[in-house]
Structures are given as structure tokens and as C-alpha cells.
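Q: One structure coming up, written as C-alpha cells, with questions to follow.
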Amino acid sequence: MSQTLCNGSGKKQVRVWVDGCFDMVHFGHANLIRQAKLLGDYLIVGVHSDEEITKHKGPPVFNQEERYRMVRAIKWVDEIVEGAPYCTTIETLDKYNCDFVCHGDDISVTADGSDAYQEVKDAGRYREVSRTQGVSTTDIVGRMLLVTKSHHKREGEDLPDKERVHQIQKDASGHSPWTGVSQFLATTKRIVQFSGGREAKPTDKVIYVAGAFDCFHIGHLTFLEKAATYGDYVIVGLHTDTEVNRYCGSNYPIMNLHERVLSVLACRHVDEVVIGAPYTVSRDIMAHFKVNLVIHGNSKVYADSVGGDPYAEPKKQEKFRLIGTESTLNTAGLVQRIIEHRQLYEARNLKKEKKELAVYEATRQDQGFKAV
Ligand code: CTP
Ligand code: C5P
């Protein structure tokens, strides 16, 4: 390694490398990044270019500029490397002075079906952390395309028969253990891990924003970046699934409340989240959180369930501001992008799963298991 850096206590700084596509960044990615940061002092995330992803997996939904910005906004990231190579080599680790690479415990296969981390594994410079169960880009796209509402239900709750049959069929159909669909279980431990835990100081100017923040995307990030410049402490009030469904209809929200909490908490511009905020920003909310300014962005403001303005109170207190941002993307627009890419996506996932399954079966055989 070319240079020895020290951490605050004078010991050698441990530098960790993580890489990936980070297409449609979700809280599974954020959790990987969080765990990787815990393994060292400084975390560098290499994000692959559009060209590289297209070659190995198929075209991404988000372009590289969007993906770079989304990863940079995750609060445990110290630095990103744009256009990182798909295969992680010792040369790359040395170039960025990193001790090892950290990856989830799924397999990452290149276009020719080989393990993208073989070289660093052989050199003992590979660490694995648990992949977050129940969330993947494939799963999110599946929810969008299938227009089901099963993601609104928690484990053990009844699903309509049609959706239950669909789930069972999916579970029994020999999917890759990594790319397939499973259920995410939210725990308080995970929420605590994601929370920064910082309290607002009495002198802090408190900003309150409310919304669905469904499938946290570049439009949300652009809005939060700008909203954060109006104060010192940002609170996001997340509406319940029932409320979001009332004003968005169809099968929205795509991500349920607990999933949305984690995605928003992972953003470096957010200090606190209200889990299931009332739709109307009342006098109580303003007083409880000592809110100095309520901000709303580009999107339409829907009336509350009795036809009222949800921002009437902050407007009365002259603590309300509408801000324009340069991004017009909303969750419906995101779903539209995916529908337009649908065939490419299906082909991409089939190919990805086939390669993963081949490696999975080969590993099982190596370990003496007979494939069933
Ligand atoms: N990752 C994870 N938990 C998830 C999803 C991803 O820990 N639920 C990790 C992967 O193991 C990898 C990193 O995030 O270390 C980047 O993954 P990426 O290359 O973007 O691919 P996936 O997210 O795995 O792709 P897909 O969701 O389409 O399967
Ligand atoms: O639509 P949603 O409720 O998720 O939006 C949350 C907040 O982000 C709202 O204030 C909305 O106006 C803002 N936003 C934005 N620009 C976008 C998407 C959302 O300003 N492209």
C-alpha cells in the first residue's frame, strides 16, 4: 500500500472498500454500507458506470450521475469513486489505499459467470457481512409491475387469496436465494442502528417536511438537500401506508412505512423521522417539535380526508415555505421508467438469476450437498 494514514487515536487508519451498482438505492444497500463502515475508520464506495453495468447485468434504471449522488448522500459514506470497475482487483484496493473489500453474503457474478471478488478473496482481502433479507431491486421492481398490495401487510396478516397464491408460486419456483422475493421484517434494533441519535440543540432552527418518500429517489434527495439549507435540524414526518394509499391510490406506497423509515434515515440530510406522522401539520406538531419552518417541494399538495389544507396551521403561523427543486421525478414517474424498461428488466433478472443459481448449485455440490 502506498501510504499509511492514521485515525484519531494515532493507530493506522483502517480503510474499507465497498462497490456495487446501487441502482435504485434501497435500505439494503444502506445497511451494507453501515456494516462496512463499522469494520474500519474510513469508507470508500466504488460505484460502477452505466457502461459497466450494462455489460455485466443489463441497463440500470438510474443513470450514473443519479446513482453517484444517491450513494454520496448515504450517511456512512466518506468518499465515492465514480466508474469503479465491476471486478474488484488488488490493484483497485491499493490505488485507493484500502485494506479490504466488504460485500454482502450473496454472490456477484461477472458476464462470463465467474466470481467478481475471486482475486481479493484469494489475497485474504475480502470481508463478508449479512445481506439484508427481504429487499432487493428485483423485489421492488416486482411490486411495481405486479400492482399487488402484499407489501402493505406484515407477516402473519391475511393476504387476499390471489396474492397469497402468487407468493406461494414464487417461493416454490426455484429462485436464486439472493435475487428472489422475500419479506423484510422491521425491528427496533435496525431503526436504532440507522438513527443518528442527535437531538436538536435549543439554538437549532428546526425544519419539518412531510410526505410519503416512497422508493426514496433522486427527487427526494434533491428536495432534502435544499430543505436542509434552510435550517440546522431536519425532521421528516412520514405518512402511514393507509394515508399514502388514500391520496395516491393504486398499490401505493410501494415501500411500506418501516421500509420508508430506514431509507429516509439513511440520508445524511435527515436528523429525525416521525414514524406515521398525521397528514395535517397541526399546532401540536409545531409545538412538540419546536418547528421553525415547514417546507414542501415540487409535488402537488393533496387535501386532507375532509378537504382541508394540511398546511393551514404553519401558514397561519407564517412558518411555511414552498420550494422549487430542479428534479421533477416522483414515484409514479419512477414506476413509469421501470414499465418502459420492463422487458429489458425481465431479461436482465432472468440472466442474473440463472448465473447466480449456477454458482449456488456448484458451491453446494462442492460442499457435498446434492442439488434438489
Ligand atoms: N446488498 C445487501 N443487501 C441487499 C441488497 C444488496 O447487503 N438486500 C449488498 C450486496 O451484497 C452488495 C452491495 O449491496 O455488497 C451492492 O449491491 P449491488 O451491486 O447494487 O447489487 P444488488 O442490490 O444485489 O442487486 P439486486 O438488488 O438487483 O439483486
Ligand atoms: O411525494 P412525496 O410525498 O414523497 O414528497 C415528499 C417531499 O419531497 C414533498 O415536499 C415533495 O414536494 C418533495 N419532492 C420534490 N421534488 C421531487 C419529489 C418530491 O420537491 N421531485
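So in numbering that gives the first Met the number 0, spot 211 of the sequence shown is number 210, and the numbers just go up one at a time.
The beta-carbon is built from N, C-alpha and C at its ideal position, and this holds for glycine as well.
This structure is a prediction, so every number in the text was calculated from the model and none was measured.
#1: Determine the contact status of residue 195 and residue 289, defining contact as a CB-CB distance below 8 Å.
#2: Is residue 217 near residue 68, with beta carbons less than 8 Å apart?
#3: Is it the case that the Cβ atoms of residue 128 and residue 31 are separated by a distance below 8 Å?
#4: If you follow the alpha helix (DSSP H) that residue 247 is in, where does it begin and where does it stop?
#5: Under a three-way DSSP split, which group does residue 183 fall into?
#6: Using a threshold of 7 Å, is the CB atom of residue 331 nearer than that to any non-hydrogen atom of ligand 2?
#7: Report the rounded CA-to-CA distance for residue 229 versus residue 206, giving the unit in angstroms.
#8: Quick one: what's got a C-beta closer than 8 Å to residue 375's C-beta in the same chain, skipping five residues either side?
#9: Where DSSP assigns a beta bridge to residue 321, which residues make up the other side?
#10: Should residue 105 be counted as a contact of ligand 1 given a C-beta to heavy atom distance under 7 Å?
#11: Could you tell me which of 136, 70, 16 and 82 sits nearest to residue 333, measuring between CA atoms?
#12: Would you call the segment 197–212 in contact with the segment 83–99, where contact means no fewer than 3 C-beta pairs closer than 8 Å?
#13: Looking at the structure shown, is residue 209 part of a helix, part of a strand, or coil, going by DSSP?
#14: Would you call the CB atoms of residue 243 and residue 252 closer than 8 Å?
#15: From residue 211 to residue 13, what distance separates their C-alpha atoms?
#16: Compute the Euclidean distance between the alpha carbons of residue 254 and residue 94, then round it to the nearest angstrom.
#17: Expressed to the nearest angstrom, what Euclidean distance is found between the alpha-carbon atoms of residue 119 and residue 295?
#18: Could you give the residue range of the alpha helix (DSSP H) that holds residue 237?
#19: Report yes if the C-beta of residue 30 is less than 7 Å from at least one heavy atom of ligand 1; otherwise report no.
#20: Counting only the same chain and skipping the five closest in sequence on each side, list residues whose C-beta sits under 8 Å from that of residue 71.
#21: So residue 312 and residue 280 are supposed to be a Cβ contact under 8 Å. How far apart are they, rounded?
#22: CB of residue 27 to nearest heavy atom of ligand 1: below 7 Å?
#23: Is the Cβ-Cβ distance between residue 340 and residue 60 less than 8 Å?
#24: Reducing DSSP to helix, strand and coil, say where residue 197 ends up.
#25: May I ask you to report which of helix, strand or coil DSSP gives residue 45?
#26: Taking 8 Å as the threshold (C-beta atoms), are residue 213 and residue 330 in contact?
#27: Fully enclosed by the segment 65–140, which beta strand (DSSP E) runs are 3 residues long or longer?
#28: Pick out every residue whose C-beta is nearer than 5 Å to a heavy atom of ligand 2: which are they, in chain order?
#29: Return the bridge partner residues of residue 274 from the DSSP annotation.
#30: What is the DSSP secondary structure of residue 11, reduced to helix, strand or coil?
#31: Hey, residue 183 and residue 258: beta-carbon distance below 8 Å or not?
#32: How is residue 18 classed by DSSP in three states: helix, strand or coil?
#33: Residues bridged to residue 266 by DSSP?
#34: Whose C-beta lies closer than 6 Å to the C-beta of residue 246 among residues of the same chain, with five residues either side of it excluded?
#35: Verify the contact flag: residue 102, CB atom, against every heavy atom of ligand 1, threshold strictly below 7 Å.
A: According to the structure shown:
#1: no
#2: yes
#3: yes
#4: 240–247
#5: coil
#6: no
#7: 7 Å
#8: With the chain represented from 0 up to 371, any question about residue 375 goes unanswered, as that position is not in the structure.
#9: 295
#10: yes
#11: 136
#12: no
#13: strand
#14: yes
#15: 38 Å
#16: 38 Å
#17: 46 Å
#18: First-last for residue 237: 232–237, but that is the beta strand (DSSP E), not the alpha helix (DSSP H).
#19: yes
#20: 79
#21: 6 Å
#22: yes
#23: yes
#24: coil
#25: strand
#26: yes
#27: 78–81, 99–103 and 125–128
#28: 210, 211, 212, 218, 222, 295, 296, 297, 298, 324, 326 and 328
#29: 237
#30: strand
#31: yes
#32: strand
#33: 73
#34: 301
#35: yes
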